[in-house]
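Taken in order, these protein sequences are the chains called A and B.
Okay, so the first sequence: first residue is 2 according to our numbering, each after it adds one.
Okay, so the second sequence: first residue is 99 according to our numbering, each after it adds one.
Structure record follows, encoded as C-alpha cells.
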Amino acid sequence: MSDAAAPVVRLQHVVKTYHAGAVDVAAIREISLDVPAHRFTMIVGPSGSGKTTLLNLIGCIDTPTSGRIEVCGEDVGRLRDNALADFRARNIGFIFQAFSLVPVLSAYENVEYPLLLVGMPAVERRRRTLAVLEAVGLEAQAKQRPNELSGGQKQRVAIARALVKQPTIVLADEPTANLDSATGAAIITLMRRMQAEQQTTFIFSTHDQQLMSHSEETFAIRDGTLVAHDISAATAQEAA
Amino acid sequence: MLFKIAFRNILRNRRRSLMTGSAVAVGVMAMLVFGGYITYIFSAFETGLAERIGHLTVFRSGYFVFGAGNPAAYGIDDYQGVIRMIAADPVLKPMIRVITPTQSLLGIAGNFSGGNNAAKTFLGVGVIPSDQQRMQQWNEDGVVLPERQGPLLSDDAPQRGLIGGGMARILGLCEALKMRDCPAPPASHETSTAPVDQGVVALAQSELGSGEVKNAAMPQIDLLSATANGAPNVVTLDVAGVAVQGVKELDDNYVAMPLALAQQLVYGRGEHKATGIVLQLNRSEDLRAARARLQTLIAQRHLDLEVRDFAELTPFYVQVVRLFSAIFLFIALIMGVIVLFAVVNTMTMNVMERTNEIGTIRAMGVRRNGIRAQFVTEGWMLGAIAATVGVVLAFIVDAAINHAGLTWLPPGNAAAVPFRLSTPADRPLLLVGTWLGLVLLATLAALLPANRAARLPVVDALRHV
C-alpha cells in the first residue's frame, strides 16, 4: 500500500463535549473520518460548527471526551502530556489565524524555534531555516521582529515555521482570515507550492471561499456532525 | 533560546521590569548597606573590647560569678607561673599577641587636698601599662576608633593612674585635670557641710604617713581598700588624666592604676596575686581554638582556673549584636516580602499577556516544564540583573558615606567616631548571601505564575485574546 493510500489521520466515533457551568455543550458529535496523506484537505462549515475543535483534536492539543484518534498511525489517546508534546514537535506544524509569532524573536528565530525543540544540530538548523525563509520569500526580512512585518509577511513566517521541521501534517486554522484577498491568494499559492514540494498533508479549517477552491478533500461539518465528505472543491463551497 | 527569550521579554516590558528590578536592587542595596553598617559596628565594638580587655581572660574558678564583691579572695596564686606556662605552650604561643595580669579591686577614693573633702567608692583595675599600650595597638579590622590621649600610664611611674570623668567631677578635679564640659556643682553644694567621715580622712593620713612624696604636677587622690586579710590599706594615686567611660555608672567609679600599686593596696605586704590573666590574640578567629587549648592546659594541670571570653565579660556587646542582628533580619524580611510580591505581580502579568504565546509554543511541542522553565528563567534573570545593580549601588552608597566625613556616637562610647560602613568587598559572605538570597527569592516568586502558565490547557491558551 502506498503512503498516499494510508490515512494520516483517523477519527473513530470521536465525541467532544464541553462543560459550560451546569450545561454540557457537544462540540463534536461522534465523528469518524479518515484524512488521506499528502492532500490539501479542508474542514468546512459555518461558524460554531466545530471546525476548530476538530482541528484541535487532530493536532493533539485537545483530547476527545470519547472515541479514538490516530495520527500518523499513533493512537494519540494513549500518549501522556510530555509524549504528546514531543509527538507534536516531530509530526505536526500549526498555522494560526492570528499568526501567533513569538514577538521577541526575529523572523529567523521564529522559524528556527521548532528545530530547537527536536534537538537538531546548529549547522543543519541554520541551513533549513535559511532555506525555508528563502522559499517563502522572506530572506531579506530574516532579522526583523514580527512587529516590523506586514500581515502577509507574518503569515509567511508562520508557514515557514510550520514547515521547517518537515512535519507529516500541517494544520491551519483560518490561515487567510486576517489577510486581504490579494495577500490571502498569495499565501494560498505559497502553501500550495510548499505542500507540493514537501509532500506534506495540509488540513485547513476555513470558510474562505478562495481557499476552499483549492481543496482536494473536503469534510463538511455542521453542529458537530460530519454532513458531507467529498473530494471536490465544490462541496466545500456549498457546505460553507 | 530560553535565555534569549527571557532577556528580550525583560527588555520588552521595560517599565514593569524597571519597577520590579528597582525593588530587588533597592532591597539588595539596603541589606548590603545596613549589613555594612552593622558589620562595622561589630568590628569597632570587638576591636574596642579586644584592645581594652583582650579576647580571653583566665580567672580563678568562681571569680566571674562570685568574685566581684571580693576580688582579693579570688586572686590567682602564682599567676606569673601560669603566664609562663601559657606563653610557653606551643599551640597558644603563635596565637597570643599579649598576655598580661590584671588586678580588680574595690574601695573608696578620696580627695582631701586643697580644701576638698570628697570621697567616692571606686571600681579599680591594676594593669601593666606597657602591656596595656601594646594591647591598644591591636586593630585587626582597621576600624577607626576615638582618638586617645597619649600613654598616660607608664611602667616607670608606679603611682600614676587614670580616673573616669564622672569620678573626676565628683572628686572636684575638673579644674586640676583641665577637663572640658565639666559643670561646676550648684552653689549650695560647693563646700560640703556634711563631708566624708573624718575617720576615713584620718585613716588616709595615718596610713600614708609622712614618707610619701607628693607629686606637685598632678592632682592626687587617696585610695582606700581592704586587704586580702581584711585590714584597711591606703595608697596615693597621681591622677595623670581622665579616661572617660561610655557608661555613667562606670565613669563615676573608674580608676586605673599600675598593677603593682593595685596589688600593694589589695595584698599589702602579703603574697601578690592577680585576679585575671588577659590574653590578646593576634586574630579574633583563633578565639575558640585558644580557649579550648587553655581549658585543656588547665584541666591537665588540675588548676583551679576558668576561662572567659570578651563577650561573656561584656554582656552589653552580646545585647548590641543581638539587637542589630534582629533589626537586620527584620529589614531582610521586609525586603524579601517586597521582592516576592513585586516579582509575583510582574510574572503574573507577563503570563496573562503572553497566554496566547504560551498556547502557541505548547502546540509547537514545548512541554509543560519548558513553559515553567521559561518564566522561572525570566524571574531568575530579572532578579540576577537587579541584584547585581543593587550590589553596584551598595558600593556607591558605601563609598559616598565613607567619604562624607560623618561621625556618630556608638552605644557605650564616650566620644564620637567616624561614621563608616564596611564595603561589600570586606564582607564577601554577606555580599554573596544577599545576592543569592534575593535572586533565589525572585526565582521562587516566578515559580507560582510559571506553574500557572504551564498548567494552562493549550486550546484555552490559544483562545485567549
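Don't be surprised by glycine CBs; every beta carbon is placed ideally from N, CA and C.
This one's a predicted model, so the numbers in the text were calculated from it and none came from an experiment.
Min CB distance residue i to chain A below 8 Å
| i | result |
| --- | --- |
| B:GLY549 | Position check: residue 549 of chain B holds Asn in this sequence, whereas Gly was assumed. No, B:ASN549 lies away from the interface with chain A (no Cβ there is under 8 Å from its Cβ). |
| B:VAL464 | yes |
| B:GLU455 | yes |
| B:THR118 | no |
| B:ARG386 | no |
| B:THR458 | yes |
| B:MET433 | no |
| B:MET99 | yes |
| B:ALA513 | no |
| B:ALA461 | yes |
Residue i, buried or exposed, once every other Cβ within 10 Å from all chains shown has been counted against 16
| i | result |
| --- | --- |
| B:SER290 | In this prediction, B:SER290 has a pLDDT of 48, which is less than 50 and means its spatial position is unreliable; nothing more can be read from the coordinates. |
| A:GLY138 | exposed |
| B:MET117 | exposed |
| B:LYS191 | exposed |
| B:HIS400 | exposed |
| A:LYS144 | exposed |
| B:TRP478 | buried |
| B:LEU109 | exposed |
| A:LYS155 | buried |
| A:HIS230 | exposed |
| B:LEU421 | exposed |
| B:ALA207 | buried |
| B:ASN168 | exposed |
| A:ILE245 | Residue numbering for chain A in the displayed model covers 2 to 241; residue 245 of chain A lies beyond these limits and cannot be assessed. |
| B:GLY270 | buried |
| A:PRO176 | buried |
| A:PRO168 | buried |
| B:THR505 | exposed |
Residue i - partner residues in DSSP beta bridges
| i | result |
| --- | --- |
| A:MET43 | A:PHE205, A:THR219 |
| B:ARG158 | B:LEU403 |
| B:HIS501 | According to DSSP, which records beta bridges pairwise, B:HIS501 is partnered with nothing at all. |
| B:ASN331 | B:SER323 |
| A:ASP174 | A:SER206 |
| B:MET355 | B:GLY224 |
| B:LEU251 | In the DSSP output, where bridge partners are listed per residue, B:LEU251 has none listed. |
| A:GLU71 | A:ARG11, A:ASP76 |
Nearest candidate by alpha-carbon position, reference residue i, set the options
| i | options | result |
| --- | --- | --- |
| B:LEU527 | B:VAL435, B:PHE408, B:GLY133, B:ALA170 | B:GLY133 |
| B:GLN410 | B:SER159, B:ASN331, B:LEU275, B:HIS153 | For clarity, residue 410 of chain B is Glu in the given sequence; the question names Gln instead. Ranking the options by Cα distance to B:GLU410, first place goes to B:HIS153. |
| B:VAL353 | B:GLN417, B:GLY339, B:GLN362, B:TYR365 | B:GLY339 |
| A:GLN276 | A:ALA221, A:ALA23, A:ALA38 | Past the edges of chain A, shown from 2 to 241, lies residue 276 of chain A, and the structure says nothing about it. |
| A:PHE97 | A:PHE203, A:ALA229, A:GLU218 | A:PHE203 |
| A:GLY78 | A:LEU116, A:ASP25, A:GLN13, A:GLU175 | A:GLN13 |
| A:LEU172 | A:LEU180, A:SER182, A:ALA161, A:ASP181 | A:ALA161 |
| B:GLY179 | B:LEU539, B:LYS371, B:VAL530, B:ARG381 | B:LYS371 |
| B:ALA514 | B:TRP236, B:VAL474, B:VAL342 | B:VAL342 |
| A:ILE59 | A:PRO47, A:GLU135, A:ASP76 | A:ASP76 |
| B:ALA360 | B:MET433, B:THR334, B:ARG391 | B:THR334 |
| A:LYS249 | A:PHE205, A:HIS215, A:MET195, A:GLU217 | Since the first residue shown for chain A is 2 and the last is 241, residue 249 of chain A is missing from the structure and cannot be characterised. |
| A:MET253 | A:VAL16, A:THR66, A:LEU212, A:LEU106 | Residue coverage of chain A in this structure runs from 2 to 241, which leaves residue 253 of chain A outside it and unanswerable. |
| B:VAL442 | B:ILE103, B:PHE101, B:MET99, B:SER115 | B:SER115 |
| B:PHE105 | B:ALA484, B:LEU542, B:THR505 | B:ALA484 |
| A:LEU131 | A:LEU164, A:ILE44, A:ILE93 | A:LEU164 |
| B:LEU519 | B:TYR138, B:ALA148, B:ARG113 | B:TYR138 |
| B:ILE469 | B:ASN549, B:ALA315, B:ALA216 | B:ASN549 |
| B:GLY240 | B:LEU275, B:GLN398, B:SER141, B:SER202 | B:SER141 |
| B:PHE426 | B:THR145, B:VAL189, B:MET129 | B:MET129 |
| B:GLN318 | B:PRO356, B:GLY374, B:LEU260, B:THR532 | B:LEU260 |
| B:LEU100 | B:PHE493, B:ASN467, B:GLN235 | B:ASN467 |
| B:VAL376 | B:ALA170, B:GLY224, B:LEU536, B:THR219 | B:GLY224 |
Residue i at chain B interface by Cβ criterion, 8 Å
| i | result |
| --- | --- |
| A:PRO115 | yes |
| A:VAL171 | no |
| A:GLY60 | yes |
| A:VAL103 | yes |
| A:ASN57 | yes |
| A:PHE220 | no |
| A:PHE97 | yes |
Counting only Cβ-Cβ distances shorter than 9 Å, please list the residues of the stretch 465-499 of chain B near chain A, keeping chain order. ARG465, ARG466, ASN467, GLY468
Taking any Cβ of chain A, which residues in the stretch 530-557 of chain B have a Cβ under 9 Å from it, in chain order? PRO555, VAL556, VAL557
Give me the subset of the stretch 63-95 of chain A whose CB atoms are less than 7 Å from a CB atom of chain B, sorted by chain position. ASP63, ASP82, ASN83, ALA86, ASP87, ARG89, ALA90, PHE95
Using a Cβ-Cβ cut-off of less than 9 Å, give me the residues of the stretch 105-131 of chain A that come near chain B, in sequence order. VAL105, LEU106, GLU110, GLU113, TYR114, PRO115, LEU117, LEU118, VAL119
Between the stretch 104-132 of chain B and chain A, which residues of the former have CB atoms less than 7 Å from a CB of the latter, in chain order? ARG106, ASN107, ARG110
Can you list, in chain order, the residues of the stretch 200-212 of chain A whose Cβ is nearer than 7 Å to any Cβ on chain B? none
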